[in-house]
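**Student:**
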Amino acid sequence: MRETTKQEGSAKLSDVAEYSEGLVCLTGGDEGPLAAALMIGGEAAGREAVQRLVGVFGANNVFVEVQRHRERAQEWRNQAALRIADSLHLPVVATNGVRYATKYDREIADLFTAIRNHTQLDHSGRLLALNNQRHLRSADRMVALFRDVPGAVENTVELSSRLDFQLSDLGYEFPRYPVPDGETMDSFLEKRVAEGVTRRYGPKRDSGLLERAKKQVAHELKLIAKLGFAGYFLIVWDIVEYCKKHGILIQGRGSAANSAVCYALEITAIDPVGMELLFERFLSESRGEWPDIDLDLPSEEKREQAIQYVYQRYGQLGAAMTANVITYRGKSAAREVGKALGFDPESLQRLSGLVANYEWKGPNDTMARSFQNAGFDVEHPRIAKYLELCMRVQDFPRHLGQHSGGMVICQGQLDKVVPLERASMPGRTVVQWDKEDCANLGIIKVDLLGLGMMAVLKDCLSLVPEHHGDQLDLAQLPEDEEVYRTLQRADTIGMFQVESRAQMASLPRNRPEKFYDLVVQVAIIRPGPIVGKMMHPYMRRRQNQEEVTYPHPSLESTLKRTLGVPLFQEQLLRMAMVVANFTGSEAEELRRAVGMRRSWERMKNLEGRLRDGMTANGLDIATQETIVQNISSFALYGFPESHAASFALIAYASAYIKVKYLAAFTCAMMNNQPMGFYSPAVIIEDARRHGLRVKPIDIQVSDWPCSIEHEDDHSLSLRLGLGYVRGLRSQCAETIVNTRSAGYFRSVDDLVLRVPQLNQKELALLANVGALNSLDGVEHRRDALWQIERAGKPEGPLFMQESELLREESPEIPLLPMTAEERLVADYAVSSVTTGPHPMWFRRKELCRRGYLRATDLAQRPNGAYVRTAGLAIVKQRPGTASGVVFLTVSDETGNFNVFVAPDFFEENRRLITTAKFLVVEGPLQKEGPIIHVMAKSFKELSVETRAGRLQVTSHDFH
Numbered sequence: 020m021r022e023t024t025k026q027e028g029s030a031k032l033s034d035v036a037e038y039s040e041g042l043v044c045l046t047g048g049d050e051g052p053l054a055a056a057l058m059i060g061g062e063a064a065g066r067e068a069v070q071r072l073v074g075v076f077g078a079n080n081v082f083v084e085v086q087r088h089r090e091r092a093q094e095w096r097n098q099a100a101l102r103i104a105d106s107l108h109l110p111v112v113a114t115n116g117v118r119y120a121t122k123y124d125r126e127i128a129d130l131f132t133a134i135r136n137h138t139q140l141d142h143s144g145r146l147l148a149l150n151n152q153r154h155l156r157s158a159d160r161m162v163a164l165f166r167d168v169p170g171a172v173e174n175t176v177e178l179s180s181r182l183d184f185q186l187s188d189l190g191y192e193f194p195r196y197p198v199p200d201g202e203t204m205d206s207f208l209e210k211r212v213a214e215g216v217t218r219r220y221g222p223k224r225d226s227g228l229l230e231r232a233k234k235q236v237a238h239e240l241k242l243i244a245k246l247g248f249a250g251y252f253l254i255v256w257d258i259v260e261y262c263k264k265h266g267i268l269i270q271g272r273g274s275a276a277n278s279a280v281c282y283a284l285e286i287t288a289i290d291p292v293g294m295e296l297l298f299e300r301f302l303s304e305s306r307g308e309w310p311d312i313d314l315d316l317p318s319e320e321k322r323e324q325a326i327q328y329v330y331q332r333y334g335q336l337g338a339a340m341t342a343n344v345i346t347y348r349g350k351s352a353a354r355e356v357g358k359a360l361g362f363d364p365e366s367l368q369r370l371s372g373l374v375a376n377y378e379w380k381g382p383n384d385t386m387a388r389s390f391q392n393a394g395f396d397v398e399h400p401r402i403a404k405y406l407e408l409c410m411r412v413q414d415f416p417r418h419l420g421q422h423s424g425g426m427v428i429c430q431g432q433l434d435k436v437v438p439l440e441r442a443s444m445p446g447r448t449v450v451q452w453d454k455e456d457c458a459n460l461g462i463i464k465v466d467l468l469g470l471g472m473m474a475v476l477k478d479c480l481s482l483v484p485e486h487h488g489d490q491l492d493l494a495q496l497p498e499d500e501e502v503y504r505t506l507q508r509a510d511t512i513g514m515f516q517v518e519s520r521a522q523m524a525s526l527p528r529n530r531p532e533k534f535y536d537l538v539v540q541v542a543i544i545r546p547g548p549i550v551g552k553m554m555h556p557y558m559r560r561r562q563n564q565e566e567v568t569y570p571h572p573s574l575e576s577t578l579k580r581t582l583g584v585p586l587f588q589e590q591l592l593r594m595a596m597v598v599a600n601f602t603g604s605e606a607e608e609l610r611r612a613v614g615m616r617r618s619w620e621r622m623k624n625l626e627g628r629l630r631d632g633m634t635a636n637g638l639d640i641a642t643q644e645t646i647v648q649n650i651s652s653f654a655l656y657g658f659p660e661s662h663a664a665s666f667a668l669i670a671y672a673s674a675y676i677k678v679k680y681l682a683a684f685t686c687a688m689m690n691n692q693p694m695g696f697y698s699p700a701v702i703i704e705d706a707r708r709h710g711l712r713v714k715p716i717d718i719q720v721s722d723w724p725c726s727i728e729h730e731d732d733h734s735l736s737l738r739l740g741l742g743y744v745r746g747l748r749s750q751c752a753e754t755i756v757n758t759r760s761a762g763y764f765r766s767v768d769d770l771v772l773r774v775p776q777l778n779q780k781e782l783a784l785l786a787n788v789g790a791l792n793s794l795d796g797v798e799h800r801r802d803a804l805w806q807i808e809r810a811g812k813p814e815g816p817l818f819m820q821e822s823e824l825l826r827e828e829s830p831e832i833p834l835l836p837m838t839a840e841e842r843l844v845a846d847y848a849v850s851s852v853t854t855g856p857h858p859m860w861f862r863r864k865e866l867c868r869r870g871y872l873r874a875t876d877l878a879q880r881p882n883g884a885y886v887r888t889a890g891l892a893i894v895k896q897r898p899g900t901a902s903g904v905v906f907l908t909v910s911d912e913t914g915n916f917n918v919f920v921a922p923d924f925f926e927e928n929r930r931l932i933t934t935a936k937f938l939v940v941e942g943p944l945q946k947e948g949p950i951i952h953v954m955a956k957s958f959k960e961l962s963v964e965t966r967a968g969r970l971q972v973t974s975h976d977f978h
């Protein structure tokens with residue numbers, strides 16, 4: 020960590036000398052200092068090199084290393100090393116410089132050598148090992164190999180017995196929170212929690228709830244003190260307090276929301292006592308693990324501010340981000356292997372595409388067959404070796420990345436516990452282990468996670484009072500019928516967690532009417548409940564299509580809110596507690612044993628106790644089987660209720676603000692892109708359909724972010740910001756805004772004169788998007804482009820002619836205005852959004868003549884009707900839980916509709932569906948109440964070419 024910037028780690032011998040106590044030094048193999056000295060200066064130089072090592076580590080701690088890889092020059096070095104060891108009275112050890120486990124793995128080592136050196140295997144030459152002897156040898160083989168070097172193997176065994184290093188005891192200690200004199204961390208935490216209970220529960224005016232809360236926090240605090248976790252809670256509380264004082268929106272989520280202590284400390288926003296959440300899902304005595312609290316913050320600079328606070332609080336060497344080990348997968352493996360094998364770019368693109376898009380569909384399906392179908396000869400040695408190596412390197416480490424928000428902190432210096440490196444981002448250090456490694460070794464992390472919607476909500480807290488005149492308290496938003504009606508209509512573009520196609524398809528069926536319905540809604544459209552076959556029974560019961568039943572009458576109170584269907588992990592715990600008299604910690608132990616499949620023996624033992632408890636409570640065998648099956652299956656797939664509740668709170672806040680304060684919500688959404696499922700163009704189109712006026716970028720009034728303007732009729736409108744001009748530097752935009760404060764720009768010439776930082780390209784971008792149209796003397800976009808060209812011409816002899824076109828007073832504009840379609844193309848090319856008509860509007864007359872329906876027309880057609888329609892594909896999805904089905908969301912000027920693409924049909928039309936932006940779709944309608952899908956039977960690409968070129972539109976593709 021001496022380096023101040025990210026670079027390869029290195030240490031000089033003088034650096035190592037500072038930390039030599041307790042260390043043993045080997046002279047190294049072919050790459051070590053002894054071998055290097057022998058090659059450069061012979062035996063005398065080698066002896067000097069070893070003597071320097073003895074001077075640093077001491078004679079009892081230096082061992083001369085010999086290796087035998089059957090290389091010509093190596094034996095000469097070994098004999099010289101043996102003579103040096105004898106002359107200096109140093110022990111000799113036999114080693115093998117192991118680079119791979121088996122001889123077979125030599126190919127992988129060579130492959131990675133070529134990749135690391137950015138070259139082809141054929142060109143790697145001496146970079147590669149001479150043979151495959153650097154594998155892990157057996158003890159017997161090592162004895163035989165060094166039979167002529169007395170004591171070498173024995174010394175190796177003796178040395179290994181001297182070494183004492185345990186990963187399980189690295190000397191890590193979680194920081195102690197500083198408390199006032201006369202306080203302990205436990206007493207200080209207890210006082211903060213007591214204050215929080217009064218603050219949180221007092222205004223609710225419910226004495227019964229308050230008493231239950233006091234009882235619950237007393238129980239939690241007792242366990243926290245017993246486990247010694249008070250410091251952890253105080254440190255997380257300290258981070259939350261910092262964020263609140265500095266206007267950074269923050270909310271804890273995950274199982275921490277089950278804790279009344281976390282709620283009282285305002286770490287979490289969900290009342291676990293009122294919602295009857297189970298604390299043991301978060302913390303139990305038997306678990307033997309530290310608690311895990313995830314903190315959601317606005318993404319980008321506010322989150323970075325919180326991260327830097329942690330660094331400042333605990334020091335650059337007392338805190339660090341955890342790493343992610345990025346592995347070779349699909350496309351990255353395919354490309355790196357192909358480069359190393361020397362494939363030409365065209366072949367490499369085809370090969371890597373085949374590997375990246377390969378999907379296993381059945382027992383007879385192999386990647387080799389996929390290659391054959393694409394025309395490659397898999398018997399060809401080069402292709403066969405390529406396929407083999409691609410498979411062999413899958414999941415090998417490729418490089419280290421930063422975890423999205425995991426931070427570890429330490430009492431003292433982390434670099435004495437774990438390896439650290441500087442991050443490429445200034446002011447950050449990174450642990451060179453991933454979060455799972457850290458957790459397994461008892462190193463505690465706090466997750467500071469960036470969540471785009473938190474940034475949106477934070478902006479809304481400022482925009483709503485400023486422009487709508489209302490104060491907003493996210494913790495006290497009222498239950499509002501209009502908001503729930505909007506959710507029931509699936510009118511949810513931009514709303515957190517409920518804007519996906521699957522959510523939109525289920526919302527009209529589930530018809531949420533209160534907050535807990537939204538908690539279920541957030542949880543149910545996820546892989547777990549879908550794979551665990553919980554989603555459809557719940558939805559049928561929600562629509563009164565199936566009777567609500569319970570595995571046993573005693574479980575009605577546990578499962579009533581989810582209509583008898585176990586959805587949440589907390590319900591599993593309560594089921595075990597009710598039917599088998601498990602304690603909370605025993606129930607959590609059961610969930611973890613079943614859910615993680617850690618120990619079949621342990622799981623069977625717990626299942627036996629579960630059955631014994633049910634028998635004691637009088638449950639018959641058939642009922643026991645049902646409950647055991649429920650617990651076994653849904654432990655794998657159940658969702659944490661506390662996590663769903665935390666997300667539902669954000670989801671409701673986003674829905675409430677969008678419904679009540681559309682201008683503020685849209686402005687905040689546009690200023691925090693990218694996020695969510697939809698592009699800025701879709702967000703703008705949706706806002707306009709809801710009545711919001713959106714104004715174009717204007718050099719005279721636009722700021723860098725989008726902003727809200729007040730109209731003469733007291734309505735609000737959204738002004739697009741200069742930040743949406745792709746290619747305009749933020750420094751130039753800042754100069755424009757600052758310069759404009761002294762007076763509006765009078766003309767193009769005035770703009771060029773007052774903001775000289777703007778280059779011709781940036782001026783042209785502003786002109787193309789219409790941002791200069793409000794300047795005096797500018798008639799239209801092309802006129803602005805003409806004036807920019809004229810303003811940028813130097814006055815040389817050639818330009819001083821009396822040309823009519825170049826004279827400032829010339830009344831004629833030499834260029835025609837852009838057509839509406841050309842303006843559309845320019846808008847999308849420069850800013851990715853338009854304030855003009857939807858692209859489909861320009862083709863509507865033609866499409867109507869040919870019988871193509873609009874999105875709004877589909878609802879008027881009966882179920883099963885064969886329809887033809889067309890639009891812009893804004894979302895393309897292939898969920899892993901949908902058995903290969905592809906779903907498209909398609910947009911036109913009237914709204915959106917969904918397209919269902921069967922797996923076989925997708926394979927037939929894969930290239931068209933994945934590459935085309937505008938699609939013509941034909942097929943029968945599938946209508947289930949308000950849910951409409953077009954079952955695709957025919958696809959064509961719809962051309963939207965104009966004289967100005969193709970539209971540069973974006974979509975959310977297969978994420």
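Just so it is clear: in the sequence shown, position 587 is 606 by this note's numbering, and no numbers are missing.
Don't be surprised by glycine CBs; every beta carbon is placed ideally from N, CA and C.
Note that the coordinates shown come from a computational prediction; the quantities given were computed from them, not determined experimentally.
On the criterion of 16 or more Cβ atoms from any shown chain inside 10 Å, does residue 49 qualify as buried, or is it exposed?
**Tutor:** Classification for residue 49: buried.
**Student:** Could you name each continuous beta strand (DSSP E) segment of 3 residues or more that falls completely within the segment 879-963, going from the start of the chain to the end?
**Tutor:** Those beta strand (DSSP E) runs which fall completely within the segment 879-963 and span 3+ residues are 885-896, 905-911, 914-920, 937-947, 950-954 and 957-960.
**Student:** Please report the Cβ distance between residue 469 and residue 423, rounded to the nearest whole angstrom; I am assuming they are in contact, meaning their Cβ atoms lie under 8 Å.
**Tutor:** Right, the Cβ-Cβ distance comes to about 7 Å (below 8 Å), so this counts as a contact.
**Student:** Can residue 464 and residue 341 be called in contact, C-beta distance under 8 Å?
**Tutor:** Result yes, Cβ atoms of residue 464 and residue 341 sit closer than 8 Å.
**Student:** Would you report the Cα separation of residue 31 and residue 41, rounded to the nearest angstrom?
**Tutor:** Rounded to whole angstroms, residue 31 to residue 41 spans 18 Å at the Cα level.
**Student:** For residue 821 and residue 809, what's the separation of their Cα atoms in angstroms?
**Tutor:** Low confidence applies here, because residue 821 scores a pLDDT of 43, under 50, leaving its location unreliable and the question unanswered by this model.
**Student:** Which residue spans inside the segment 679-753 form an unbroken alpha helix (DSSP H) run of at least 4?
**Tutor:** Segments of the alpha helix (DSSP H) lying fully in the segment 679-753: 681-689 and 699-708.
**Student:** If I'm right that residue 155 touches residue 120 with Cβ under 8 Å, what's the distance once you round it to whole angstroms?
**Tutor:** Confirmed, Cβ separation roughly 5 Å.
**Student:** For residue 758, which residues in the same chain have their Cβ closer than 6 Å to its Cβ, ignoring the five residues on either side in sequence?
**Tutor:** 773 and 774, listed in sequence order.
**Student:** Taking 8 Å as the threshold, find out whether the segment 543-554 comes into contact with the segment 668-675 through three or more Cβ pairs.
**Tutor:** Short answer: they don't touch.
**Student:** From which residue to which residue does the alpha helix (DSSP H) around residue 125 run?
**Tutor:** Segment 125-135, the alpha helix (DSSP H) holding residue 125.
**Student:** Residue 758 by DSSP, collapsed to three states: which one?
**Tutor:** Reduced to three states, the DSSP call for residue 758 is helix.
**Student:** What are the boundary residues of the alpha helix (DSSP H) that residue 162 is part of?
**Tutor:** First-last of the alpha helix (DSSP H) with residue 162: 158-164.
**Student:** What residue ranges within the segment 68-108 form continuous alpha helix (DSSP H) runs of no fewer than 4 residues, ordered along the chain?
**Tutor:** The qualifying runs are 93-107.
**Student:** My output table needs one value for residue 860: the three-state DSSP class, helix, strand or coil.
**Tutor:** Note: residue 860 maps to helix in three-state DSSP.
**Student:** Closer than 6 Å by C-beta to residue 906: which residues in its own chain qualify, once you throw out the five before and the five after it? Chain order, please.
**Tutor:** The residues are 520 and 896.
**Student:** Please list the terminal residues of the continuous alpha helix (DSSP H) segment that includes residue 6.
**Tutor:** Summary: the structure shown does not reach residue 6, with the chain confined to residues 20 through 978, and so no result is reported for it.
**Student:** For residue 725, which residues of its own chain have a beta-carbon under 7 Å away from its beta-carbon, when the five flanking residues on both sides are left out?
**Tutor:** 686, 689, 690, 737, 738, 739 and 740, listed in sequence order.
**Student:** Does the count of Cβ pairs from the segment 286-294 and the segment 662-669 closer than 8 Å reach three?
**Tutor:** Contact between the segment 286-294 and the segment 662-669 is present, because at least three Cβ pairs lie under 8 Å.
**Student:** Out of curiosity, what's the CA-to-CA distance linking residue 961 and residue 955?
**Tutor:** When rounded, the distance between both Cα atoms is 15 Å.
**Student:** Starting from the N-terminal side, write out each stretch of the beta strand (DSSP E) that is 3 residues or longer and does not extend beyond the segment 423-499.
**Tutor:** 439-441, 448-453 and 464-470, all fully within the segment 423-499.
**Student:** Going by C-alpha distance, which of 680, 353, 331 and 123 is nearest residue 710?
**Tutor:** Cα-wise, what sits closest to residue 710 is 680.
**Student:** Run the CB neighbour count on residue 910, radius 10 Å, all protein chains shown included, and call it buried at 16 or more, exposed below.
**Tutor:** Buried, because 16 or more other Cβ atoms sit within 10 Å of the Cβ of residue 910.
**Student:** So, are the CB atoms of residue 367 and residue 386 less than 8 Å apart?
**Tutor:** No, they are not a contact pair.
**Student:** With which residues is residue 871 paired in a DSSP beta bridge?
**Tutor:** Answer is none; residue 871 lacks a bridge partner.
**Student:** Do residue 309 and residue 284 have their beta-carbon atoms positioned less than 8 Å apart in this structure?
**Tutor:** Not in contact: residue 284 and residue 309 (Cβ atoms no closer than 8 Å).
**Student:** Could you spell out where the alpha helix (DSSP H) holding residue 2 opens and where it closes?
**Tutor:** This structure cannot speak to residue 2, because the chain is shown only from 20 to 978.
**Student:** Which residue wins for smallest C-alpha separation from residue 886, given the options 944, 916 and 838?
**Tutor:** Of the candidates 944, 916 and 838, the one whose C-alpha sits nearest the C-alpha of residue 886 is 944.
**Student:** Beta-carbon within less than 6 Å of residue 134's beta-carbon, same chain only, minus the 5 sequence neighbours each way: which residues are those?
**Tutor:** Correct list, in chain order: 355 and 359.
**Student:** Of all the options 419, 677, 478 and 444, which has the alpha carbon lying nearest to the alpha carbon of residue 502?
**Tutor:** Looking at the Cα atoms, 677 is the closest of the given residues.
**Student:** Which stretch, first to last residue, makes up the beta strand (DSSP E) that contains residue 593?
**Tutor:** No beta strand (DSSP E) contains residue 593, which is instead part of the alpha helix (DSSP H) from 588-599.
**Student:** To the nearest angstrom, how far is it from the Cα of residue 563 to the Cα of residue 537?
**Tutor:** Taking the straight line joining both Cα atoms gives about 18 Å.
**Student:** Report yes if the C-beta distance between residue 851 and residue 716 is below 8 Å; otherwise report no.
**Tutor:** No. Outside cutoff.
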